[in-house]
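Numbering (the UniProt record's numbering), first residue to last: 1 to 116.
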């Protein structure tokens with residue numbers, strides 16, 4: 001005789017998703033501030049939070065000649081732009097995440113990926 005477990009009925013509660021928030025910015029201070037605000041809001045809602053994971057900084061460089069006409073000594077200018085990236089993982093319903101992500105500073109780009 002086999003034993004059949006009775007199935008539990010958990011009701012119609014909100015489905016919890018694994019959500020990855022990717023933040024990118026050229027300004028480190030504003031990026032760190034937004035990360036901290038997101039984590040604080042998530043902890044206030046008692047969500048499981050992992051992060052922020054600091055990804056390697058991308059450095060984009062453009063090298064140009066200083067003189068516009070090509071005459072004179074060959075001097076060069078190098079301009080660079082640094083792009084910083086952070087990852088935050090949450091386990092929460094999508095409605096709660098929408099409430100958390102409201103009011104983010106200018107200059108910080110947000111990408112939200114939802115997995116099952």
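Even glycine gets a Cβ: it sits at the ideal position worked out from N, Cα and C.
- A contact between stretches requires three or more CB pairs, one per stretch, nearer than 8 angstroms, and the stretch 61-68 fails this requirement with the stretch 86-106.
- Counting the other CB atoms within 10 Å of its CB gives residue 73 a total below 16, which places it among the exposed residues.
- Contact between residue 113 and residue 20 holds: CB atoms are separated by about 4 angstroms, below the 8 angstroms threshold.
- For residue 25, the enclosing beta strand (DSSP E) begins and ends at 17-25.
- If you draw a straight line from the Cα of residue 77 to the Cα of residue 29, it is about 27 angstroms long.
- The beta carbon of residue 14 sits closer than 7 angstroms to the beta carbons of 93 and 95 from its chain, once the five residues preceding and following it are set aside; these are given in chain order.
- DSSP places residue 60 within a strand segment (E or B) once states are collapsed to three.
- The shortest CA-to-CA distance from residue 58 to any of 36, 48, 79 and 83 is the one to 83.
- Exclusion of the five residues before and after residue 80 leaves 59, 60 and 61 as the residues of its chain whose Cβ lies within less than 7 angstroms of its Cβ.
- Under the DSSP assignment, residue 80 falls outside any alpha helix (DSSP H), being part of the beta strand (DSSP E) whose first and last residues are 76-92.
- Assignment of beta-bridge partners to residue 67 by DSSP yields no partner.
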